[in-house]
Amino acid sequence: MLAYLVKRLFQAIAVMFAISLVSFAIQDNLGDPLRELVGQSVSDEVRQQLRDELGLNDSFLQQYLRFVGNALQGDLGTSYFFKEPALDVILKKLPATLELVFGATVIIIGLSVPLGVYTAIKPNSVASRIIMGASIIGISVPVFLTAILMIFVFSVELRWLPSFGRGDIVPVWGYWSTNFATADGWTHIMLPSVALASIMLPLFVRLIRAEMMETLQSEYVKYAKAKGIHPGRIYFVHALKNTLLPVITVGGVQIGTMVAYTILTETVFQWPGMGFMFLEAVNRVDTPLIVAYLIVVGFIFVVTNTIVDLIYGLVNPTVNLARMGA
Amino acid sequence: MSSLTTNTSRPSRVARILNSNIVYSFRRNPVAVVSMVVFLIIAVASVLAPLIAPFDPYDPASIDIMNSEYPPVWVDGAEAGFVLGTDDQGRDLWSTILYGTRLSLIIGLCAVAVQAFLGITIGLLAGYIGGRLDSLLMRFADIQLSFSTLMVAIIFLAITQAMFGSDTFNQYAIYFLIAVIGIAEWPQYARTVRATVLAEKKKEYVDSARVLGFGPIRIMVRHILPNSLSPIFVISTVQVANAIISEASLSFLGLGMPPSQPSLGSLISSGFDYIFSGSWWITTIPGVVLVVLVLVINLLGDWMRDVLNPKLYKG
Numbered sequence: 001m002l003a004y005l006v007k008r009l010f011q012a013i014a015v016m017f018a019i020s021l022v023s024f025a026i027q028d029n030l031g032d033p034l035r036e037l038v039g040q041s042v043s044d045e046v047r048q049q050l051r052d053e054l055g056l057n058d059s060f061l062q063q064y065l066r067f068v069g070n071a072l073q074g075d076l077g078t079s080y081f082f083k084e085p086a087l088d089v090i091l092k093k094l095p096a097t098l099e100l101v102f103g104a105t106v107i108i109i110g111l112s113v114p115l116g117v118y119t120a121i122k123p124n125s126v127a128s129r130i131i132m133g134a135s136i137i138g139i140s141v142p143v144f145l146t147a148i149l150m151i152f153v154f155s156v157e158l159r160w161l162p163s164f165g166r167g168d169i170v171p172v173w174g175y176w177s178t179n180f181a182t183a184d185g186w187t188h189i190m191l192p193s194v195a196l197a198s199i200m201l202p203l204f205v206r207l208i209r210a211e212m213m214e215t216l217q218s219e220y221v222k223y224a225k226a227k228g229i230h231p232g233r234i235y236f237v238h239a240l241k242n243t244l245l246p247v248i249t250v251g252g253v254q255i256g257t258m259v260a261y262t263i264l265t266e267t268v269f270q271w272p273g274m275g276f277m278f279l280e281a282v283n284r285v286d287t288p289l290i291v292a293y294l295i296v297v298g299f300i301f302v303v304t305n306t307i308v309d310l311i312y313g314l315v316n317p318t319v320n321l322a323r324m325g326a
Numbered sequence: 001m002s003s004l005t006t007n008t009s010r011p012s013r014v015a016r017i018l019n020s021n022i023v024y025s026f027r028r029n030p031v032a033v034v035s036m037v038v039f040l041i042i043a044v045a046s047v048l049a050p051l052i053a054p055f056d057p058y059d060p061a062s063i064d065i066m067n068s069e070y071p072p073v074w075v076d077g078a079e080a081g082f083v084l085g086t087d088d089q090g091r092d093l094w095s096t097i098l099y100g101t102r103l104s105l106i107i108g109l110c111a112v113a114v115q116a117f118l119g120i121t122i123g124l125l126a127g128y129i130g131g132r133l134d135s136l137l138m139r140f141a142d143i144q145l146s147f148s149t150l151m152v153a154i155i156f157l158a159i160t161q162a163m164f165g166s167d168t169f170n171q172y173a174i175y176f177l178i179a180v181i182g183i184a185e186w187p188q189y190a191r192t193v194r195a196t197v198l199a200e201k202k203k204e205y206v207d208s209a210r211v212l213g214f215g216p217i218r219i220m221v222r223h224i225l226p227n228s229l230s231p232i233f234v235i236s237t238v239q240v241a242n243a244i245i246s247e248a249s250l251s252f253l254g255l256g257m258p259p260s261q262p263s264l265g266s267l268i269s270s271g272f273d274y275i276f277s278g279s280w281w282i283t284t285i286p287g288v289v290l291v292v293l294v295l296v297i298n299l300l301g302d303w304m305r306d307v308l309n310p311k312l313y314k315g
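Which chain is which? The protein sequence lines are A and B, in order.
Under full-length UniProt numbering, think of the first position of the first sequence as 1, with each following residue one higher.
Under full-length UniProt numbering, think of the first position of the second sequence as 1, with each following residue one higher.
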């Protein structure tokens, strides 16, 4: 186990190193920090002097090491547009994105488990066929289109739910203000989280169904049935437990996809989170903010992926750790 | 493959294909038949776009801004010349959708061709040579897979666009899209091909080919690859559907095809601004075309997986 842990951590560090190199290369090549500082009206000599002072003429390695050193101390540069530390800008936007992801995750878990189990237990029932048919349509509709169509139906035509923004939010702690404290906040988060969930839900329903059907064929389930254990207990305690293992791995892989989908969902609903901010930063060529976003997202992503892998190694006693670490 | 097909065996080959399991199960499966017909209609219509389309959406001379936002003919206030109405710039929506579908299909197919080429090459090498090279390549594949394509593509295209400026970017957008969707998804193919190569490598025909003195490249390409084709077909259909969705998503974010040369995604995107003013058709009609296109490809992929993957027969 320890060897696996060390190998997994080593891989996480290697990926983080690659992300930092890419981010630094972007920072080095995208835009000119001097122009942002002094504008056009400064002579070449002064420019050269400023470049020396700022260390822009140092070697690539020196600049990279300084970049990493600063990043490790939480200094990811200052946003050109917001005129404040890029990390602060991102941390202010982070709660909005996390709440959106949280809402979507609740919907995904709450629906995919019962639907997946049901379609596995009764694969030939009419309801199962409808669920499976709906799931393939769900996979085929891009997340931004779901979002747009929901806005058209629920905001434009029916006027039931608001189409953009977060509405009334209540400060909780630090930068974190929540949507879940007021009715207005609830109505605002409803459409975005359903849209974000809509693309992942069919995937998980199909996955849980496939795994569950395989588990139901296994000897121990037959044995449990023969023993006369209540079907509900067999399905939800014995079978489901083993079904969820592969689901955890796939869930881990989907974290990166989720990041991309938050960018799309936030753009459609003008949700003031990290994804929307990233696209704005790109349009403004706000290099420090772009770089900071890459590092923060990369970090969240590497940490969650590592944790998911470790949990998988812990909960599954049959997993071959030596092979997984290889 | 051509040297395997001698002229004398050609008629029997056609007969064999018509009598094969695949064709039989295809005829027996109404969903697959309908999907295929719909896909062919969309594909042929988009290939023949320059002949079918009543207007040329790329020709500024045929566009009149005064014609903008006419609804489709079955809605009040429509103009008879524009069957599906017009978009925000006054382009005929039907013509623009035909050209846009063509772009979406071209990008999807070319991106999958790039994926398949990279993935099959890497998968063959990793599976056949094995050892250190195999574990290194598969480690890369794991890492690449965990970063989702869309995330890599968004970040890559966003930075390319910021670096080159949007004019240059728009000019080469189609190549950037094909390259980024193509490169980001190679592990899908590499993993599958590697797995089949590992299984095939142990079989006797490979041993005998080796004993006959054939080189590794010949064995990989001429002997092992043809036996790994069925999983490749299965993933290819799903990959085309995914590539079309990715392209549409990227274009929707403004990181893909420009509004002057819209794919389905950029059309939906340009219509989104007008949905609040009631011009629902600019977004909805291309959206329906996109969903139908992706749906029929996915349904065909589902059918093909059931037919070609014996592992799933038990289900």
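Heads up, the beta-carbon is just placed ideally off N, CA and C, and yes, glycines get one too.
At a cut-off of 8 Å between beta carbons, B/ASN298 contacts chain A. Here the C-alpha atom of A/LEU61 lies approximately 11 Å from the C-alpha atom of A/LEU21. Residues of chain B whose Cβ lies closer than 9 Å to the Cβ of A/VAL170 do not exist, since the nearest Cβ in that chain is about 28 Å away. A Cβ-Cβ separation of about 6 Å places A/LEU201 in contact with A/LEU111 under the 8 Å criterion. Under the three-pair Cβ rule at 8 Å, the segment 262-272 of chain A counts as touching the segment 157-170 of chain A. Close partners of A/VAL141 in chain B (Cβ separation under 7 Å): VAL291. Taking the beta carbon of B/ILE268 as reference, the chain A residues within 8 Å of it are PHE144, LEU145, ILE148, listed in sequence order.
Annotation for A/GLU211: THR243, PRO246 place their beta carbon closer than 6 Å to its own, counting only its chain and skipping 5 residues before and after. A/ILE131 and A/VAL194 do not touch by the CB rule: their CB atoms are close to 17 Å apart, not below 8 Å.
The beta carbon of B/LYS201 lies closer than 8 Å to those of GLY127, TYR128, ILE224 in the same chain, with the five residues before and after it left out. In this structure, B/PHE233 lies near B/LEU308, with their beta-carbon atoms less than 8 Å apart.
Against chain B, a Cβ distance below 9 Å from A/LEU30 picks out ILE159, ALA162, MET163. When the beta-carbon positions are compared, A/ILE208 and A/ALA224 stay at least 8 Å from each other. Ranked by Cα distance from A/LEU216, the options A/ASP44, A/TYR118, A/ILE136 are led by A/TYR118. If you draw a straight line from the Cα of A/ARG66 to the Cα of A/ALA260, it comes to about 30 Å. Nearest Cα to B/ILE155 within the set A/TYR4, A/ALA281, A/ASP28, A/LYS7: A/ALA281. Cα atoms of A/TRP186 and A/VAL106: separation of roughly 14 Å, rounded to the nearest angstrom.
As DSSP reads the structure, A/SER177 sits in a beta bridge with A/PRO171. When C-beta atoms of the segment 249-265 of chain A are compared with those of the segment 136-151 of chain B, three or more pairs fall below 8 Å, so the two segments count as touching.
Only residues of its own chain outside the window of five on either side were considered, and among them SER104, GLU247, ALA248, SER249, LEU250, SER251, PHE252, GLY256, MET257, LEU290 have a CB closer than 8 Å to the CB of B/GLY265, listed in chain order. VAL259, ALA260, TYR261, ILE263, LEU264, THR267, VAL268: these are the residues of the segment 259-274 of chain A whose beta carbon lies less than 9 Å from some beta carbon of chain B, given in chain order. DSSP, reduced to helix, strand and coil, places A/PRO85 within a strand of the structure shown. Under the three-state reduction of DSSP output, A/THR78 falls in the strand class.
The C-beta separation of A/GLY77 from A/VAL291 comes to about 7 Å, placing the pair in contact by the 8 Å criterion.
The beta carbon of A/PHE276 sits no closer than 8 Å to any beta carbon of chain B.
Note that the segment 112-126 of chain B touches the segment 173-188 of chain B; at least 3 beta-carbon pairs, one per stretch, sit closer than 8 Å. Neighbours of A/VAL253 in chain B, taken as residues whose beta carbon is under 9 Å from its own, are LEU145, SER146, SER148 in chain order.
Apart from sequence neighbours up to five positions away, the residues of its chain that approach B/ALA49 with a beta-carbon distance below 7 Å are LEU98, TYR99, ARG102, ordered along the chain. Contact annotation for B/THR283 against chain A: ILE148 [CB-CB distance below 7 Å, chain order]. Here A/THR182 carries a coil assignment [DSSP, helix/strand/coil]. The C-beta distance from B/VAL180 to B/LEU157 rounds to 6 Å, short enough to fall under 8 Å. Boundaries of the alpha helix (DSSP H) harbouring A/ARG8: 2-29, taken from the DSSP string. Annotation for B/ALA113: the continuous alpha helix (DSSP H) segment containing it runs 93-129. Note on the segment 153-236 of chain B: whole alpha helix (DSSP H) runs with a minimum of 4 residues are 166-184, 186-201, 204-211, in chain order. Cβ-Cβ distances below 8 Å link B/GLY81 to PRO54, ASP92 in the same chain, with the five nearest sequence neighbours on each side left out; the list follows chain order. Proximity of chain A to B/ILE245 at the Cβ level (cut-off 7 Å) is accounted for by PRO142, in chain order.
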